[in-house]
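Undergrad:
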Amino acid sequence: MNIVIDGYNMIKQVLKKVMISEKEREQFLTRLDSYARRKNHTLHVIFDGGPYDRPTREKRKGLTVVYSGRKSSADDVIKSYIEEKLLSVMLIVTTDRHLNAFARNHGLDSIDSIDFYAFMNDVSMPVLGFKKAPGKAHKLNELEESTELDTLMQEGSSVLFYKDEENEEAYDASKKKSRHEKKIQKIVKKL
6 MNIVIDGYNM IKQVLKKVMI SEKEREQFLT RLDSYARRKN HTLHVIFDGG
56 PYDRPTREKR KGLTVVYSGR KSSADDVIKS YIEEKLLSVM LIVTTDRHLN
106 AFARNHGLDS IDSIDFYAFM NDVSMPVLGF KKAPGKAHKL NELEESTELD
156 TLMQEGSSVL FYKDEENEEA YDASKKKSRH EKKIQKIVKK L
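Residue numbers (the numbering used here): 6 to 196.
#1: Would you check if the segment 78-98 and the segment 116-124 touch, i.e. whether three or more CB-CB distances between them fall below 8 angstroms?
#2: Please return the same chain residues whose Cβ sits closer than 8 angstroms to the Cβ of Leu-20, not counting the five positions on each side in sequence.
#3: Output the distance between the C-alpha atoms of Lys-90 and Glu-63, rounded to the nearest integer angstrom.
#4: Return helix, strand or coil for Gly-54, following the three-state DSSP convention.
#5: Exposed or buried, Tyr-72, counting other C-beta atoms within 10 Å across all chains shown (16 or more means buried)?
#6: Within 10 angstroms of the Cβ of Asp-11, are there 16 or more other Cβ atoms? Answer buried if so, exposed if not.
#7: According to the neighbour-count rule (16 or more other Cβ atoms, all chains shown, within 10 Å of its Cβ), is Tyr-40 buried or exposed?
#8: Could you give the first and the last residue of the continuous alpha helix (DSSP H) run that contains Asn-202?
What follows is the structure in structure tokens.
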């Protein structure tokens, strides 16, 4: 999968800093490169600025790093990627609402920088409905007994809960995910 990342946008969101040092940018690129090779994705990281007036590209192992140049912004470069369909299939990673809307208007998916960073680092995301279970489950085998568990089960079965079928149908309809949520989960599975 081709993933186009708004570089400084993501770093600033993750580090919660306004100024980013060259060392921090290099560490960030190293982590992205590791992720790209591990997941077999092609990442295009777009940064504002650079040494020249026009955009410049540098290839790294699993990354293409693009500096927008002095005459344009990273957003402009990303928009040109989108408009010119430079990549067949791409996911846009940014927190910029205007860029997200631009991608959506061109039929492309986008994901928030923080959410992508969390998936990149294998962190569960309760915001998107993915939760890690706390602790470990202990299964009892035939020879083990647990009086505490037996007592709990007896107490639980002494009070039965009856479902109201009319309310249950309305509840099921409200649990359905929106088209956008389904799309995001589909993207997340690929990450």
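Where a beta carbon is used, it is the ideal one built from N, C-alpha and C, also for glycine.
TA: This is what the structure holds:
#1: yes
#2: Glu-29
#3: 20 angstroms
#4: strand
#5: buried
#6: buried
#7: buried
#8: An answer regarding residue 202 cannot be provided, because it is not within the stretch 6 to 196 covered by the chain.
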